[in-house]
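Protein chains: 2
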Amino acid sequence: MSDSHPKAETDPQLDILSLEKAQRMAEFFSVLGDPNRWRIISALAHQKLRVRDLAAAVEMTESAVSHQLRILRTMRLVSYRKQGRNVFYGLKDHHILNLYQDISEHLDEPED
Amino acid sequence: MSDSHPKAETDPQLDILSLEKAQRMAEFFSVLGDPNRWRIISALAHQKLRVRDLAAAVEMTESAVSHQLRILRTMRLVSYRKQGRNVFYGLKDHHILNLYQDISEHLDEPED
DNA sequence: TGAATACCTGAACAGTTGTTCATGGGTTAA
DNA sequence: TTAACCCATGAACAACTGTTCAGGTATTCA
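Residue numbers (the working numbering), protein chains in the order written: chain A, 1 to 112; chain B, 1001 to 1112.
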């Protein structure tokens, strides 16, 4: 098989994520590493919202929300629909809600 | 039902994650938001390793790895077993590998 | 056309993060 | 006991992140 991904550098038995792939994973999870982004995501889980209403809902300035939405757009987590002078955002992908479920479980597991 | 979690502050129709819960979600995902931590996780996916060998495998200093392992321990993502003067780490939880699978898919999805 | 509305963007600044460096504790072998 | 080994930790510093603030673009309405 002529696979193009690099092998582990030190020990052939281990196969460690390549730096590039690890970087992509980290970039994605970093986007989910901000509490205000989670609040935005949760607000969009039930309905599409204008930036203005979203800002009011999560109690942030429109500017701050707009900055965050750009990041969520970059990671293709939200949908974007311009209608007149309003812009409606929604959740693009339901992987995210699955993540939310999974991690909620993990966080709720008892110590051992 | 006498639930103790706070309701949305602005609009009863929306239910947005509480600040506290959003914070916990974000803290968890932040841990997965570092490329070197993903390389450590991938190394531990197949076998338990001593700090020393882990450091060699991911090509980091033992100190840096030790710092990162502490973070992973705090989030209960890795197991810890001390044996003489060696400490073996492994993956504690398989939620993480599921996450890895899910997000790989997301990252590999074509643009649209 | 001019003003108001809805949203976006760049710069700057405070707060956070991850590494290195130096050191210290605990365990094993001589 | 002494020396070597394995790992953990605190401080410090550079790099990154998210907000605010000021301004800018595009659309609607009077």
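From the three backbone atoms N, C-alpha and C, an ideal C-beta is built for every residue, glycine too.
Practice prompt. Could you please tell me which residues of the region 1047–1063 of chain B, in chain order, have their CB closer than 7 Å to any CB of chain A?
Written response: Ala1056, Ala1057, Val1058 and Glu1059
Practice prompt. Ignoring anything shorter than 4 residues or poking outside the region 1036–1086 of chain B, list the alpha helix (DSSP H) runs there in chain order.
Written response: 1051–1058 and 1062–1074
Discussion item. For Ile1103(B) and Met25(A), which I take to be in contact (beta-carbon distance under 8 Å), what is that distance rounded to the nearest angstrom?
Written reply: The C-beta distance from Ile1103(B) to Met25(A) rounds to 6 Å, short enough to fall under 8 Å.
Worksheet item: Quick one: what does DSSP say Leu1123(B) is sitting in, helix, strand or coil?
Response: Past the edges of chain B, shown from 1001 to 1112, lies residue 1123(B), and the structure says nothing about it.
Discussion item. Please report the distance separating the alpha-carbon of Gly1084(B) from that of Ser66(A).
Written reply: 54 Å
Item to complete: Name the residue from Ile1016(B), Glu1027(B) and Trp1038(B) whose alpha carbon lies nearest to the alpha carbon of Gln1068(B).
Response: Trp1038(B)
Worksheet item: CA-CA distance, Leu32(A) and Val1051(B)?
Response: Taking the straight line from one Cα to the other gives about 28 Å.
Worksheet item: Where do the ends of the alpha helix (DSSP H) carrying Asp1108(B) lie?
Response: His1095 to Asp1108
Worksheet item: Going along the chain, which residues of its own chain have a beta-carbon closer than 8 Å to the beta-carbon of His1071(B), five neighbours each way excluded?
Response: Rather than His, the amino acid found at residue 1071(B) in this sequence is Ile. Excluding sequence neighbours, Ile1071(B) sits near Val1031 and Arg1037.
Worksheet item: Asp67(A) CB to nearest chain B CB: under 7 Å?
Response: It should be pointed out that residue 67(A) corresponds to His in this sequence rather than to Asp. Judged by the 7 Å Cβ criterion, His67(A) is not in contact with chain B.
Worksheet item: Under 8 Å Cβ-Cβ, which residues of chain B neighbour Leu97(A)?
Response: Per Cβ cutoff of 8 Å: no residues; Leu97(A) is ~11 Å from chain B at best.
Worksheet item: With 16 other CB atoms within 10 Å as the buried threshold, where does Leu1017(B) fall?
Response: buried
Worksheet item: Who are the Cβ neighbours of Phe1088(B) in its own chain at under 7 Å, not counting the five residues just before and after it?
Response: Lys1048, Leu1049, Arg1050 and Arg1081
Item to complete: Report yes if the CB atom of Lys1092(B) is closer than 7 Å to the CB atom of Leu1077(B), and no otherwise.
Response: In this structure, Lys1092(B) places its C-beta atom within 7 Å of the C-beta atom of Leu1077(B).
Worksheet item: According to DSSP, what are the bridge partners of Gly1090(B)?
Response: Ser1079(B)
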